[in-house]
């Protein structure tokens, strides 16, 4: 076959006046090829074109079988469709095909070539569209390496990213993550695109219609964006966030990050997001941060009120003063026992609402069959069931300041086992009005006194609450000094003293007095004694 260099030699010789026959003899080509080169309009040989379709000598009898298999694949799940190797195996096993694998592969590729999907680059307007998706990365925590879910959000016009690590991919995590993203950007897009996770769309209808998860619908209503979704198995429809997940894995988390907890990891991810604003994307003249300013100007403002990023579940408190969320139980105060409550599950905590008031708050548990018990919720019932102090695990393992245990021992020594336990329970009930640190301070002020009661501790705690914790000790000392100054003791009258001595002592030298005589000469006025006792109680 003649090349373009052969065409050059032939055409140069012919232009110099050499005949076709001479050129053919000299260059070793036939005259027809030389004539074709001379008459070429482009000066180069024409590409090879097949005039007949490719034949399949051994595969031809099985073409109909291959076409039938591919037609049936159209209604099969995407991951359970035939590839060329599987078709080849079936042809050999079921139809006696004796040829090789490569003709099967070429024929299947030729059929699929005409049905391959094509694409067109989209040009999104500023402030219009934002895409979200989850990625997973490995993070080194103090207790070892662990997989962590990271929510990624990106604006399609400016490629401005947002990353936040979350405990899971549940609905409450999506609510918290998107709320944090909008507050981070200080604006809201007009469209938000997702895949089709159950936490966002509970049912896929025809086309792009979806039945939204109620929690996600509440979020969309609060921020007023249009919730949109990709077609199933069409992740390329949100390619910007797919690249953001790739950036999370390859740039933000390479090498493997070290973090003490999720909060520490989120600080690192936010620092990466701020750094990305100074990056220049390929084929762009402005940085990501500069493009985002145009995005922010065209986006919607944040609502006036913050979004309450939680899922709500109705619950019924049982006889153990607990309510169930998923498989875990959370305690409530005795006032809510056997009542209907609303459980508000956040990403990191659980709040329980009874009659419009928050009556309990716990750390969110992500395990199974866990119990989160606050001993303070059971203090009100201790008077009727004092045995809980020693036989109920939450009360027995209650971490209180050391002064509480010393106070219980003091009550036991002074008042006995049962009476001391009742006084100690009354002190524990003060925790419903005062924090443990304040009661610890109040106990420390009174524990050295000969007599300590729950009432005295309550009075001291009330005074500390009114005076403030910072200068409470100095105020207590000043109050005691004021009480002492208010007590006026008259100067003794020595003449009255002499009269008393002369009235009760025998005649003679006063140096002959005995101790019994002196004791009998002391005044025994009950009114004076009662007054002195009241002064002592005031000082205490």
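In this note's numbering, the protein residues as written are 765 to 1304. Think of the CB as a built atom: it goes at the ideal place given N, C-alpha and C, for glycine as much as any other residue. The structure displayed is predicted, hence computed values, not measured ones.
| said: Quick check on the DSSP output: the alpha helix (DSSP H) that includes residue 942 runs from which residue to which? | reply: Locating residue 942 in the chain shown gives position 178, where the first residue counts as 1. Unbroken alpha helix (DSSP H) run through residue 942: 935-949.
| Contact check, residue 946 vs residue 987 under 8 angstroms by CB: the rounded distance? | As a first step, residue 946 must be located in the chain shown, where it is residue number 182. As a first step, residue 987 must be located in the chain shown, where it is residue number 223. With 8 angstroms as the limit, residue 946 and residue 987 qualify as a contact, their Cβ atoms being about 6 angstroms apart.
| query | Which word fits residue 1196, buried or exposed, when buried means at least 16 other C-beta atoms lie within 10 angstroms of its C-beta? | reply | As a first step, residue 1196 must be located in the chain shown, where it is residue number 432. Burial call: exposed.
| task | Could you check how far apart the C-beta atoms of residue 993 and residue 972 are, in whole angstroms? I think they sit under 8 angstroms. | result | The residue you call residue 993 lines up with position 229 of the chain shown. The residue you call residue 972 lines up with position 208 of the chain shown. Right, their Cβ atoms sit about 6 angstroms apart.
| Is residue 1096 near residue 1081, with beta carbons less than 7 angstroms apart? | On the chain shown, residue 1096 is found 332 positions in, with the first residue counted as 1. On the chain shown, residue 1081 is found 317 positions in, with the first residue counted as 1. A contact, by the Cβ cut-off of 7 angstroms.
| said: What does the alpha-carbon distance come out to for the pair residue 831 and residue 886? | reply: By one-based count along the chain shown, residue 831 stands at place 67. By one-based count along the chain shown, residue 886 stands at place 122. The alpha-carbon atoms of residue 831 and residue 886 are separated by roughly 35 angstroms.
| request: Grab me the residues of residue 845's own chain with a C-beta within less than 6 angstroms of its C-beta, minus the 5 sequence neighbours each way, in chain order. | output: The count along the chain shown starts at 1 and reaches residue 845 at position 81. Around residue 845: 837.
| query | Could you give the distance in angstroms between the alpha-carbon of residue 783 and the alpha-carbon of residue 773? | reply | Here residue 783 is taken as the residue at index 19 of the chain shown, counted from 1. Here residue 773 is taken as the residue at index 9 of the chain shown, counted from 1. Using only the alpha carbons, I get a separation of about 13 angstroms.
| task | List the DSSP bridge partners of residue 1171. | result | Position 407 of the chain shown, counted from the start, is the residue given in the question as residue 1171. DSSP output for residue 1171 lists no bridge partner at all.
| said: Tell me the residue span of the alpha helix (DSSP H) that contains residue 1009. | reply: Indexing the chain shown from 1 puts residue 1009 at position 245. Taken as a continuous stretch (DSSP letters only), the alpha helix (DSSP H) holding residue 1009 covers 1003-1011.
| query | When the Cα atoms are used, what is the spatial distance from residue 768 to residue 790? | reply | Taking the chain shown and counting its residues from 1, the one referred to as residue 768 is at position 4. Taking the chain shown and counting its residues from 1, the one referred to as residue 790 is at position 26. Cα to Cα, the separation comes out at about 17 angstroms.
| Counterpart residues of residue 733 in DSSP-defined beta bridges | The first residue shown for the chain is 765 and the last is 1304, placing residue 733 beyond what the model contains.
| Between which two residues does the beta strand (DSSP E) harbouring residue 916 extend? | Translated into the one-based positions of the chain shown, residue 916 becomes position 152. Residue 916 -> beta strand (DSSP E) spans 908-919.
| field | At least 3 beta-carbon pairs within less than 8 angstroms: the stretch 860-867 vs the stretch 1035-1052 | value | no
| Can you round the beta-carbon distance between residue 1142 and residue 1152 to whole angstroms, since I take them to be within the 8 angstroms contact cut? | As a working note, residue 1142 is residue 378 in the chain shown. As a working note, residue 1152 is residue 388 in the chain shown. Residue 1142 to residue 1152, Cβ: 7 angstroms. Contact.
| query | Using CA coordinates, which residue listed in 1170, 974, 1219 is at the minimum distance from residue 1208? | reply | In the chain shown, residue 1208 corresponds to position 444, counting from 1. When only C-alpha atoms are compared, the closest one is 1170.
| request: Return the chain-ordered list of same chain residues with a C-beta closer than 7 angstroms to the C-beta of residue 1237, the five sequence neighbours on each side being excluded. | output: Counted from its first residue, the chain shown places residue 1237 at position 473. Annotation note: pLDDT 49 at residue 1237 (below 50); position unreliable, coordinate value reported separately. The answer is none, since no qualifying residue turns up.
| field | Member of 1206, 787, 923 whose CA lies at the smallest distance from the CA of residue 801 | value | In the chain shown, the residue the question calls residue 801 occupies position 37. Comparing Cα positions, the closest option is 787.
| field | Other residues of its chain near residue 1013: CB distance less than 7 angstroms, five sequence neighbours each side excluded | value | Residue mapping note: residue 1013 aligns to position 249 of the chain shown, counting from 1. Closer than 7 angstroms at Cβ, skipping near neighbours: 899, 901.
| Candidates 1094, 862, 916: which alpha carbon is nearest residue 823's? | For the purposes of this step, residue 823 is taken as residue 59 along the chain shown, with counting starting at 1. Measuring from the Cα of residue 823, the nearest candidate turns out to be 862.
| query | Does the Cβ of residue 1305 have 16 or more other Cβ atoms within 10 Å, making it buried, or fewer, making it exposed? | reply | What is shown of the chain runs 765 to 1304, which leaves residue 1305 out entirely.
| query | CB residue 925 to CB residue 1062, shorter than 7 angstroms? | reply | As a first step, residue 925 is located in the chain shown; it is residue number 161 there, counting from the start. As a first step, residue 1062 is located in the chain shown; it is residue number 298 there, counting from the start. Against a cut-off of 7 angstroms, the Cβ pair of residue 1062 and residue 925 comes out as no contact.
| said: Using the Cβ count rule (16 or more neighbours within 10 Å means buried), how would you classify residue 798? | reply: Taking the chain shown and counting its residues from 1, the one referred to as residue 798 is at position 34. When all chains shown are included, residue 798 counts as buried.
| Of all the beta strand (DSSP E) runs that stay within the bounds of the stretch 1033-1102, which reach a length of 3 or more residues? | 1075-1080, 1086-1089, 1092-1095
| field | Whole alpha helix (DSSP H) elements within the stretch 1126-1161, 4-residue minimum | value | 1152-1155, 1157-1160
| Length of the line joining the Cα atoms of residue 1186 and residue 1150 | Counting from 1 along the chain shown, the entry for residue 1186 is found at position 422. Counting from 1 along the chain shown, the entry for residue 1150 is found at position 386. For residue 1186 and residue 1150, the distance between alpha carbons rounds to 8 angstroms.
| What is the residue span of the beta strand (DSSP E) that residue 1114 lies within? | The residue you call residue 1114 lines up with position 350 of the chain shown. Residues 1113-1118.
| Minimum C-alpha distance to residue 1024 - residue among 906, 888, 918 | The residue you call residue 1024 lines up with position 260 of the chain shown. Of 906, 888, 918, the residue nearest in Cα terms is 906.
| task | Starting from the C-beta of residue 1179, find all residues in its chain whose C-beta is less than 7 angstroms away, skip the five residues before and the five after it, and write them out in chain order. | result | Counted from its first residue, the chain shown places residue 1179 at position 415. Around residue 1179: 1187.
| request: Could you name the residues of the same chain whose beta carbon sits closer than 6 angstroms to that of residue 820, not counting the 5 residues immediately before and after it, in chain order? | output: The sequence position of residue 820 within the chain shown is 56, counting from 1. Result list for residue 820: 867, in chain order.
| Secondary structure at residue 872, three-state DSSP: helix, strand or coil? | The residue given as residue 872 occupies position 108 in the chain shown. Helix, per DSSP.
| query | Beta-carbon separation of residue 915 and residue 939 under 7 angstroms? | reply | Reading the chain shown from its first residue, position 151 is the one you call residue 915. Reading the chain shown from its first residue, position 175 is the one you call residue 939. Cβ distance not < 7 angstroms, so residue 915 and residue 939 don't count as in contact.
| residue 1018 classed as buried or exposed, judged by whether at least 16 other C-beta atoms fall within 10 angstroms | To locate residue 1018, count along the chain shown from 1; it is residue 254. Residue 1018 should be labelled exposed.
| request: Check whether the stretch 1123-1138 touches the stretch 1081-1092, taking contact to mean three or more Cβ pairs, one atom from each stretch, closer than 8 angstroms. | output: yes
| request: For residue 875, I'd like the list of residues in its chain whose CB is within less than 8 angstroms of its CB, leaving aside the five on either flank, ordered along the chain. | output: As a first step, residue 875 is located in the chain shown; it is residue number 111 there, counting from the start. 830, 831, 834, listed in sequence order.
| message | For residue 1202, tell me which candidate among 1227, 1064, 1214, 1181 has the shortest Cα-Cα distance. | response | As a first step, residue 1202 is located in the chain shown; it is residue number 438 there, counting from the start. Looking at the Cα atoms, 1227 is the closest of the given residues.
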